[in-house]
Amino acid sequence: MKNYHSSTRRNGFSPLSIIAFSLGILSILLIGFGFYLGVAAILCSIADISRETILLDRVKGIWLDLAAILMGLFGILEMFF
366 MKNYHSSTRR NGFSPLSIIA FSLGILSILL IGFGFYLGVA AILCSIADIS RETILLDRVK
426 GIWLDLAAIL MGLFGILEMF F
């Protein structure tokens with residue numbers, strides 16, 4: 366019997382990662398929002414989903430997190446410059 370946390374659905378995807386993926390797509394499609402922030406949100410959600418469903422191993426998940434952090438920094442720089 367699996368121990369399900371309150372933050373995960375029964376299929377393994379957390380609602381936070383699905384919301385981050387949706388908002389990432391929305392911020393890329395809408396003009397005026399940060400493209401890099403959208404990419405960062407998508408990468409974070411993919412890394413979170415892949416950890417829960419074991420699609421990627423741990424090292425690839427870390428690289429996705431680092432890429433998301435870099436894209437988030439680019440998004441912050443994009444807002445200021």
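With positions in the sequence shown counted from 1, the corresponding number in our numbering is that position plus 365. We put the beta carbon where it would ideally sit given N, CA and C, even for glycine. Quick caveat: nothing in here was measured; it's all calculated off a predicted structure.
Would you call Phe386 buried or exposed, if buried means 16 or more other Cβ atoms sit within 10 Å of its Cβ? Result: buried.
Within 10 angstroms of its Cβ, does Glu443 collect 16 or more other Cβ (buried), or is it exposed? That one is exposed.
Quick one: Cα of Leu391 to Cα of Leu408, how far? So the alpha carbons of these two residues sit roughly 14 Å apart.
Spatial distance of Gly481 from Ile393 (CA atoms): Within the shown structure, residues of the chain are numbered from 366 to 446, placing residue 481 beyond reach of any answer.
Pick out whichever of Phe400, Tyr401 and Gly389 has its Cα sitting closest to the Cα of Asp410. Before going further, note that residue 410 is Ser rather than Asp in the sequence given. Considering only alpha carbons, the answer is Gly389.
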